[in-house]
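All remarks here apply to the structure that follows.
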Amino acid sequence: MCCGLLLAVPAAVTAFIAGYFCPRQDALLHGAGQLLQLGADSLGPLAQPLGYAAAGLGWVGALVAFVTVSATGTAIALYGLMSADADLALLLRGRHKPDAFRGKVIWITGASQGIGEALAKYLAGQGARLILSSRSAERLQRVKEACLDPSAVLVLPFDLLGPEADLAAAAAAADGAFGGAGIDFLIHNAGASQHALAAETTGEVAQQLLDINTLAPIRLTQAALPHMLKRGKGRLVVTASMAAKVPSPGQAVYSAAKMAVWGYFGSLATEVADKGISVTVICPGPVGSSSDTPRVLFGPKGKISRLEQQDKRRMAPARAVQLMANAMAAGVEEAWLAKQPVLTMAYLMQYLPLLGWMVLKKVGPGRARALSSGKSGYDVSSMLREQ
Ligand SMILES: NC(=O)c1ccc[n+]([C@@H]2O[C@H](COP(=O)([O-])OP(=O)(O)OC[C@H]3O[C@@H](n4cnc5c(N)ncnc54)[C@H](OP(=O)(O)O)[C@@H]3O)[C@@H](O)[C@H]2O)c1
189 MCCGLLLAVP AAVTAFIAGY FCPRQDALLH GAGQLLQLGA DSLGPLAQPL
239 GYAAAGLGWV GALVAFVTVS ATGTAIALYG LMSADADLAL LLRGRHKPDA
289 FRGKVIWITG ASQGIGEALA KYLAGQGARL ILSSRSAERL QRVKEACLDP
339 SAVLVLPFDL LGPEADLAAA AAAADGAFGG AGIDFLIHNA GASQHALAAE
389 TTGEVAQQLL DINTLAPIRL TQAALPHMLK RGKGRLVVTA SMAAKVPSPG
439 QAVYSAAKMA VWGYFGSLAT EVADKGISVT VICPGPVGSS SDTPRVLFGP
489 KGKISRLEQQ DKRRMAPARA VQLMANAMAA GVEEAWLAKQ PVLTMAYLMQ
539 YLPLLGWMVL KKVGPGRARA LSSGKSGYDV SSMLREQ
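First residue of the sequence shown? That's 189 in my numbering, and the numbers climb one at a time after it.
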């Protein structure tokens with residue numbers, strides 16, 4: 189082949205020069221033609237195997253390139269999924285604008301501790317005007333004082349499970365706060381969790397879990413919605429849970445309550461879509477605690493106190509509230525915030541439910557036992573060992 193090329197290349201160059209510059213073109217062209225012929229002849233017997241070899245090399249190259257590109261793409265996608273802590277649609281929207289909450293009136297229930305407290309501090313830092321609610325006036329006052337500008341914070345304590353008149357009075361006070369600016373965001377965040385086997389949970393506990401997680405945000409919405417409709421503005425945000433998307437062994441009533449919340453607020457969103465009112469349902473997975481205050485939690489027969497260990501599978505409260513704020517500002521209807529493996533379970537239940545059910549039934553019994561006996565509900569390997 190080298191020999192053929194050595195002959196053919198000078199022949200082509202000679203022919204080119206001859207064509208343009210040489211007065212005896214015919215003689216030179218003839219000579220070049222002979223050289224070309226010679227080159228082709230010397231290649232002749234090798235032409236077919238060389239052709240096959242070149243084609244083979246081409247295919248191997250293309251295959252290697254394809255495998256490399258797809259393996260790299262898959263590795264990047266897997267790494268992205270494993271390190272993601274929210275649904276892709278939310279992550280793609282990125283961080284909210286710096287002035288997204290400036291001057292907005294934001295009413296947060298369950299603001300005395302946990303996620304509500306972290307939200308209050310974050311939104312105060314963004315220049316929002318806050319109304320903080322829960323039963324404990326004293327703890328709300330502490331949160332208010334920890335906010336960037338306490339003068340832009342109103343403490344409005346009441347019991348969400350109290351009489352309708354109390355809820356109506358609270359809604360009227362929130363609507364009239366800050367010179368009657370009206371509510372821009374109402375964040376239904378108060379709630380209570382459950383660590384107990386479904387079979388052992390009493391009817392009374394089930395009622396209390398449904399009351400605080402489902403009926404409380406529905407009743408407060410009924411009290412606040414007329415004010416919002418009159419003004420033609422307002423976003424209802426509800427801290428549901430990943431248990432609203434994925435059945436949660438060891439938290440059956442809690443999951444039922446949060447799924448009901450998802451259904452109610454989703455339906456409401458479609459009813460008021462033309463009235464300036466919108467809805468964001470936030471579905472967090474496990475979130476770490478920002479203080480030593482235990483969460484409001486029910487065991488099988490009543491309230492229990494269990495300080496959740498801050499393990500690495502729980503999202504830091506600061507990150508959770510950042511993502512919640514991003515979802516609120518972006519105006520998404522639903523947002524998932526969770527680390528792995530909970531996020532993957534949500535994707536499985538949404539897009540591959542057959543596989544999702546298989547996994548859930550495998551880990552479910554162990555997880556329910558782990559939660560009800562005070563262990564982590566997110567340590568998959570120990571759940572599988574408990575089988
Ligand atoms: N933390 C998580 O891992 C996680 C995960 C998914 C979803 N969530 C949801 O996120 C929300 C906040 O969770 P969290 O862990 O931060 O909660 P938390 O620490 O248990 O705090 C619950 C809040 O609700 C208030 N509350 C309870 N009962 C009330 C009542 N009857 N009336 C008025 N306020 C009441 C409590 O205040 P008072 O005691 O002062 O009334 C407290 O501020 C809840 O809806 C929870 O289900 C949490």
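Using N, Cα and C, we set each Cβ at its ideal position, and we do this for glycine too.
Given residue 529, which residues of its chain have a CB within under 7 Å of its CB, disregarding the five upstream and five downstream residues? The residue given as residue 529 occupies position 341 in the sequence shown. Excluding sequence neighbours, residue 529 sits near 568.
Within 10 angstroms of its Cβ, does residue 441 collect 16 or more other Cβ (buried), or is it exposed? Against the sequence shown, residue 441 aligns to sequence position 253. Buried is the call here.
Below 8 Å on the Cβ atoms is my guess for residue 468 versus residue 515; work out the distance and round it to an integer in Å. By one-based count along the sequence shown, residue 468 stands at place 280. By one-based count along the sequence shown, residue 515 stands at place 327. Indeed they touch by this definition, with Cβ atoms about 6 Å apart.
So the beta strand (DSSP E) residue 317 belongs to, where does it begin and stop? Stepping through the sequence shown from its first residue, residue 317 is reached at position 129. Counting along the chain, the beta strand (DSSP E) containing residue 317 begins and ends at 317–321.
Terminal residues of the beta strand (DSSP E) in which residue 352 lies: Position 164 of the sequence shown, counting from 1, holds the residue named residue 352. Counting along the chain, residue 352 falls outside any beta strand (DSSP E), though it belongs to the alpha helix (DSSP H) covering 352–368.
Is residue 395 near ligand 1, going by C-beta to nearest heavy atom under 7 Å? Here residue 395 corresponds to residue number 207 of the sequence shown, with the count starting at 1. Because no heavy atom of ligand 1 lies under 7 Å away, the Cβ of residue 395 does not count as near it: no.
Contact check, residue 494 vs residue 482 under 8 Å by CB: the rounded distance? Start at 1 with the first residue of the sequence shown, and residue 494 comes out as number 306. Start at 1 with the first residue of the sequence shown, and residue 482 comes out as number 294. With a Cβ gap of about 6 Å, residue 494 and residue 482 count as contacting.
Close-in-space but distant-in-sequence residues of the same chain around residue 383 (CB under 8 Å, 5 per side omitted): Translated into positions along the sequence shown, residue 383 becomes position 195. Same-chain partners within the cutoff: 438, 439, 485, 486, 487, 492, 494, 559, 560, 562 and 565.
Is it buried or exposed for residue 314, if we count other Cβ within 10 angstroms and need 16 for buried? Here residue 314 refers to the residue found at position 126 when the sequence shown is read from its first residue. Residue 314 is buried by the Cβ-count criterion.
Nearest to residue 407 (by Cα), restricted to the options 357, 534, 489 and 543: Start at 1 with the first residue of the sequence shown, and residue 407 comes out as number 219. Checking every option, the nearest Cα to that of residue 407 belongs to 357.
Unbroken alpha helix (DSSP H) run spanning residue 400, endpoints: As a working note, residue 400 is residue 212 in the sequence shown. It is not in any alpha helix (DSSP H) - residue 400 carries neither H nor E in the DSSP assignment.
Buried or exposed for residue 301, going by 16 or more other Cβ atoms inside 10 Å? Working through the sequence shown from its first residue, we reach residue 301 at position 113. The residue is buried, with at least 16 neighbouring Cβ atoms inside 10 Å.
Give me, in chain order, the residues of the same chain whose beta-carbon lies closer than 8 Å to that of residue 247; leave out the 5 immediate sequence neighbours on both sides. The count along the sequence shown starts at 1 and reaches residue 247 at position 59. Cβ neighbours of residue 247 beyond the five flanking positions: none.
Rounded to the nearest angstrom, what separates residue 398 and residue 462 at their Cα positions? Against the sequence shown, residue 398 aligns to sequence position 210. Against the sequence shown, residue 462 aligns to sequence position 274. The alpha-carbon atoms of residue 398 and residue 462 are separated by roughly 30 Å.
Give me the Cα-Cα distance between residue 536 and residue 544, rounded to the nearest whole angstrom. Numbered from 1 along the sequence shown, position 348 holds the residue referred to as residue 536. Numbered from 1 along the sequence shown, position 356 holds the residue referred to as residue 544. Cα to Cα, residue 536 sits roughly 5 Å from residue 544.
Cβ-based burial, residue 159 [other Cβ within 10 Å; buried from 16]: Missing from the structure shown is residue 159; the chain here goes from 189 to 575 and no further.
Alpha carbon of residue 281 to alpha carbon of residue 252, nearest angstrom: The residue labelled residue 281 in the question sits at position 93 within the sequence shown. The residue labelled residue 252 in the question sits at position 64 within the sequence shown. Straight-line Cα distance between these residues: approximately 35 Å.
Going by DSSP, what residues sit across from residue 472 in a beta bridge? Counting from 1 along the sequence shown, the entry for residue 472 is found at position 284. Answer by DSSP bridge pairing, in chain order: 525.
Reducing DSSP to helix, strand and coil, say where residue 283 ends up. On the sequence shown, position 95 is the one that residue 283 refers to. Here residue 283 sits in coil by DSSP.
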